[in-house]
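Participant:
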Amino acid sequence: MPSIREKEADRYTGHHTRAELVDALVLTPSPFLQPRLDDEMFLSRLSNEATSRSFMTMVLKVLMQMNFDVISALALGTLPQEARGALNTHFANDKLNHGDKSPAVYAMFIVDENGMPPTKADVIEILSVMGEYIGEDSDDLVRKVDTQFSGKKRAWRYAYKDETQRAHAAFIEGMEKRLDIADDEGDTPEPASNATRSDDADAPKPPSNSDTPSQITETVYTQSGGEEDDDTMDQPIPCGISEVGFSITPYKRIADHERHMNSNDIMNLFEASAKHLFGNKYSVEGYVVARVVEPTLVGLSEAVISRLACSYTDLGGGFNARLAGLNVQGLNNLPTIQADARLRREAWIMHEANEDMVNVEDERVRVEERIAYFEARIAARHKRHNEATEQYINAAEEYIYQSERLANIRQQIKEQNEKIREFVREAEESHNPNWLQDLKEFCEGKK
Numbered sequence: 272m273p274s275i276r277e278k279e280a281d282r283y284t285g286h287h288t289r290a291e292l293v294d295a296l297v298l299t300p301s302p303f304l305q306p307r308l309d310d311e312m313f314l315s316r317l318s319n320e321a322t323s324r325s326f327m328t329m330v331l332k333v334l335m336q337m338n339f340d341v342i343s344a345l346a347l348g349t350l351p352q353e354a355r356g357a358l359n360t361h362f363a364n365d366k367l368n369h370g371d372k373s374p375a376v377y378a379m380f381i382v383d384e385n386g387m388p389p390t391k392a393d394v395i396e397i398l399s400v401m402g403e404y405i406g407e408d409s410d411d412l413v414r415k416v417d418t419q420f421s422g423k424k425r426a427w428r429y430a431y432k433d434e435t436q437r438a439h440a441a442f443i444e445g446m447e448k449r450l451d452i453a454d455d456e457g458d459t460p461e462p463a464s465n466a467t468r469s470d471d472a473d474a475p476k477p478p479s480n481s482d483t484p485s486q487i488t489e490t491v492y493t494q495s496g497g498e499e500d501d502d503t504m505d506q507p508i509p510c511g512i513s514e515v516g517f518s519i520t521p522y523k524r525i526a527d528h529e530r531h532m533n534s535n536d537i538m539n540l541f542e543a544s545a546k547h548l549f550g551n552k553y554s555v556e557g558y559v560v561a562r563v564v565e566p567t568l569v570g571l572s573e574a575v576i577s578r579l580a581c582s583y584t585d586l587g588g589g590f591n592a593r594l595a596g597l598n599v600q601g602l603n604n605l606p607t608i609q610a611d612a613r614l615r616r617e618a619w620i621m622h623e624a625n626e627d628m629v630n631v632e633d634e635r636v637r638v639e640e641r642i643a644y645f646e647a648r649i650a651a652r653h654k655r656h657n658e659a660t661e662q663y664i665n666a667a668e669e670y671i672y673q674s675e676r677l678a679n680i681r682q683q684i685k686e687q688n689e690k691i692r693e694f695v696r697e698a699e700e701s702h703n704p705n706w707l708q709d710l711k712e713f714c715e716g717k718k
């Protein structure tokens, strides 16, 4: 049975334009009746018709900052694979043209060398190590896991705070539910909504054409809608595991995550546990998914993209244990309207000219394609309706014709019956009961 993460992916990728996707993204609460960490934040912005319209307009602006193929790959959790294929040029151009010159929202994934997520069996082992790591009497394991990456030297480097331990427990519980291995009788960990994410540096189906991403249609974990394969333990988990963040220097931030420097402790512990178990089989890698060119959209961009990527721990979709969009203070260190001549930096909100217009043009084309699609559907329905109406008219005319024929036949029968009755009446009137005697007498010459 598909997990909620897979169902959300299907729900988000079933749209052909950014405008259509907005409704699916802001739908709160979830149609799958599972509370999400960001439900309250979204609901507060949908309190009445006016705020809803304003909020949905802002969400559309967020999506307009993003390549549509990136949007689809984020929802499906296939971004690392697409980055090795159809989106390779897109990410290469972003790094070359923008680099760390403008703020951005990025997404991290833990994958193997081919960009595939860990297998279900491997994830179960990793979760076991994480559970033991935050448990009691785990000093030996803690030392082994802590030394997998250079950096902090303190013991329990990934869980030295109580709130971080609760966040780890919530992540483990969410992943177990997602993988359908949760023990229903087990203790429920404390909510992780108050856990501190150590991301304090600056944290915060369309018309087919040759330019659309492959969407990983041939991978072993593609959602098919058919019966689930019994042998899923050695298959990569569908949709992967992600982390979403904001930074004024996104590529530096991604590098910090990879080095476990001022990073996300849940993601770091997962990767360190994986390295402890499987060597260098799995590692995190990140991608810049949205260049934020509007100051008022910074926090919302991180929040919307976090929901799109299902990166929160509560449903086992990702490593984010805190609500996105609350920690974007690094933005205050950037020049806005005026360029910084001394540092030779351009104003970051002026970087919208090229990529943003590409997305605007892409959305215009997509909307036109959708209009043409619906016009064709309406025309086809009208054609079928007209054909059916013509058949009804022909049938009605045939019915009228046959009715008239039947009426004529009935009239003829009536007239014939009247003639018969007249004949019988005349025959009865002219009837002579002595006709035989008269005939005899006539023959005998008596008459």
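Taking the numbering used here, the leading residue of the sequence shown gets 272, the next gets one more, and so forth.
Every residue gets a Cβ at the ideal spot worked out from N, C-alpha and C, and that includes glycine.
The model shown is predicted, which means the values in this text are computed figures rather than measured ones.
(1) Among the residues of its own chain, which have a CB less than 7 Å from the CB of Q305, if the five just before and after it don't count?
(2) In or out: P507 buried (at least 16 other Cβ within 10 Å) or exposed?
(3) Might you give, ordered along the chain, the residues of its own chain that have their beta carbon closer than 8 Å to the beta carbon of A280, omitting 5 neighbours on each side?
(4) Looking at the structure shown, is E407 part of a helix, part of a strand, or coil, going by DSSP?
(5) List the residues that DSSP assigns as beta-bridge partners of N591.
(6) With 16 other CB atoms within 10 Å as the buried threshold, where does Y672 fall?
(7) Using the three-state DSSP reduction, which class does F420 fall into: helix, strand or coil?
(8) Rounded to whole angstroms, what is the Cα-Cα separation between H286 and H547?
(9) Quickly, what does DSSP pair A659 with across the bridge? List them, please.
(10) Sort G445, D536, F362, V416 by Cα distance to E434 and report the nearest one.
(11) Quick one: Cα of I342 to Cα of V515, how far?
(12) Looking at V333: is its Cβ nearer than 8 Å to the Cβ of S577?
(13) How close, in whole Å, do the beta carbons of E727 and P351 come, if the pair is a contact with beta carbons under 8 Å?
(14) Distance, Cα to Cα, R282 vs E669?
(15) DSSP has S554 in a bridge; who is on the other side?
(16) Would you mind reading off the limits of the beta strand (DSSP E) that contains S343?
(17) Measuring alpha carbon to alpha carbon, tell me which of W427, E407, P389 ends up nearest K415.
(18) In its own chain, which residues sit with a C-beta less than 8 Å from the C-beta of V400, not counting the 5 before and 5 after it?
(19) Measure from the alpha carbon of E565 to the alpha carbon of each residue in M335, R355, H439, Y553, then state which is nearest.
(20) Have a look at E661, E542, M272 and flag the residue whose alpha-carbon is nearest the alpha-carbon of F420.
(21) Would DSSP call A543 helix, strand or coil?
(22) For the alpha helix (DSSP H) that S325 lies in, which residues bound it at each end?
(23) Between the alpha carbons of D371 and A441, how many angstroms are there, rounded?
(24) Taking the alpha-carbon positions, what's the T721 to V575 distance?
(25) Would you say Y431 and I525 are within 8 Å of each other, going by their C-beta atoms?
(26) Could you tell me how far apart the beta carbons of G588 and S534 are, in whole angstroms, since I believe they sit closer than 8 Å?
(27) Out of curiosity, what's the CA-to-CA distance linking F713 and N705?
(28) Name the DSSP beta bridge partners of E514, please?
(29) With DSSP as the reference, label T567 as helix, strand or coil.
(30) When DSSP labels each residue in this structure, what does P273 get in the three-state scheme?
(31) If F313 and V297 are in contact, beta carbons under 8 Å, what's the gap, nearest whole angstrom?
(32) Please state whether DSSP places R562 in a helix, a strand or coil.
(33) Buried or exposed, going by whether 16 or more other CB atoms sit within 10 Å of the CB of S674?
(34) Please tell me whether M446 and V394 are closer than 8 Å, where the distance is taken between their beta carbons.
(35) Checking the sheet assignment: what are the DSSP bridge partners for P389?
Facilitator: In short, the structure shows the following:
(1) In the sequence shown, counting from the first residue as 1, residue 305 sits at position 34. I275, L586.
(2) Position 236 of the sequence shown holds residue 507. It counts as buried.
(3) The sequence position of residue 280 within the sequence shown is 9, counting from 1. A346, L347, G348, Q494, P509, C510, C581, listed in sequence order.
(4) Locating residue 407 in the sequence shown gives position 136, where the first residue counts as 1. E407: coil per DSSP, three-state reduction.
(5) Stepping through the sequence shown from its first residue, residue 591 is reached at position 320. DSSP lists Y583 as partners of N591.
(6) Translated into the one-based positions of the sequence shown, residue 672 becomes position 401. So Y672 counts as exposed.
(7) Counted from its first residue, the sequence shown places residue 420 at position 149. Looking at F420 - three-state DSSP - the assignment turns out to be coil, as it is neither helix nor strand.
(8) Working through the sequence shown from its first residue, we reach residue 286 at position 15. Working through the sequence shown from its first residue, we reach residue 547 at position 276. Roughly 41 Å between the two C-alpha positions.
(9) The residue you call residue 659 lines up with position 388 of the sequence shown. In DSSP, A659 forms no bridge with anything.
(10) Position 163 of the sequence shown, counted from the first residue, corresponds to residue 434. Ranked by Cα distance from E434, the first of G445, D536, F362, V416 is D536.
(11) Here the question's residue 342 lines up with position 71 in the sequence shown. Here the question's residue 515 lines up with position 244 in the sequence shown. Approximately 13 Å between the Cα atoms of the pair.
(12) The residue labelled residue 333 in the question sits at position 62 within the sequence shown. The residue labelled residue 577 in the question sits at position 306 within the sequence shown. Their beta carbons are not under 8 Å apart, which means V333 does not touch S577 by this criterion.
(13) Because residue 727 is not part of the residues shown, which for the chain are 272 to 718, the question remains open.
(14) For the purposes of this step, residue 282 is taken as the residue at position 11 of the sequence shown. For the purposes of this step, residue 669 is taken as the residue at position 398 of the sequence shown. C-alpha of R282 to C-alpha of E669: approximately 50 Å in a straight line.
(15) In the sequence shown, the residue the question calls residue 554 occupies position 283. The beta-bridge partner set that DSSP reports for S554 consists of V382.
(16) On the sequence shown, residue 343 is found 72 positions in, with the first residue counted as 1. It is not in any beta strand (DSSP E) - S343 instead sits in the alpha helix (DSSP H) that spans 339-347.
(17) The residue labelled residue 415 in the question sits at position 144 within the sequence shown. The option with the nearest alpha carbon to K415 is W427.
(18) Here residue 400 refers to the residue found at position 129 when the sequence shown is read from its first residue. The beta carbon of V400 is closer than 8 Å to those of L412, V416, S544, H547, L548 in its chain, skipping five residues each way along the sequence.
(19) Here residue 565 is taken as the residue at index 294 of the sequence shown, counted from 1. Of the listed residues, the one whose Cα sits closest to E565 is M335.
(20) Within the sequence shown, the letter at position 149 stands for residue 420. Measuring from the Cα of F420, the nearest candidate turns out to be E542.
(21) Position 272 of the sequence shown, counted from the start, is the residue given in the question as residue 543. Reduced to three states, the DSSP call for A543 is helix.
(22) Taking the sequence shown and counting its residues from 1, one reaches residue 325 at position 54. Element bounds for S325: 320-335.
(23) Reading the sequence shown from its first residue, position 100 is the one you call residue 371. Reading the sequence shown from its first residue, position 170 is the one you call residue 441. Distance between the alpha carbons of D371 and A441: 33 Å.
(24) The structure shown does not extend to residue 721, since the chain is modelled only from 272 through 718, so no value can be given for it.
(25) In the sequence shown, residue 431 corresponds to position 160, counting from 1. In the sequence shown, residue 525 corresponds to position 254, counting from 1. Cβ atoms of Y431 and I525: not closer than 8 Å.
(26) Residue 588 sits at position 317 when you count from the first residue of the sequence shown. Residue 534 sits at position 263 when you count from the first residue of the sequence shown. G588 to S534, Cβ: 19 Å. No contact.
(27) As a working mapping, residue 713 is identified with position 442 in the sequence shown. As a working mapping, residue 705 is identified with position 434 in the sequence shown. Between F713 and N705, the C-alpha separation is close to 12 Å.
(28) Taking the first residue of the sequence shown as position 1, residue 514 is located at position 243. Partner(s): M379.
(29) As a position in the sequence shown, residue 567 is number 296, starting the count at 1. In the structure shown, T567 falls within a helical segment according to DSSP collapsed to helix, strand and coil.
(30) Reading the sequence shown from its first residue, position 2 is the one you call residue 273. In the three-state reduction of the DSSP assignment, P273 falls in the coil class, being assigned neither a helical nor a strand state.
(31) As a working mapping, residue 313 is identified with position 42 in the sequence shown. As a working mapping, residue 297 is identified with position 26 in the sequence shown. About 6 Å; that satisfies the 8 Å criterion.
(32) The residue given as residue 562 occupies position 291 in the sequence shown. Three-state result, R562: strand.
(33) Counting from one through the sequence shown, the residue named residue 674 turns up at place 403. S674 comes out exposed.
(34) The sequence position of residue 446 within the sequence shown is 175, counting from 1. The sequence position of residue 394 within the sequence shown is 123, counting from 1. Yes, the pair counts as a contact, with Cβ atoms nearer than the cut-off.
(35) For this step, residue 389 is matched to residue 118 along the sequence shown. Answer is none; P389 lacks a bridge partner.
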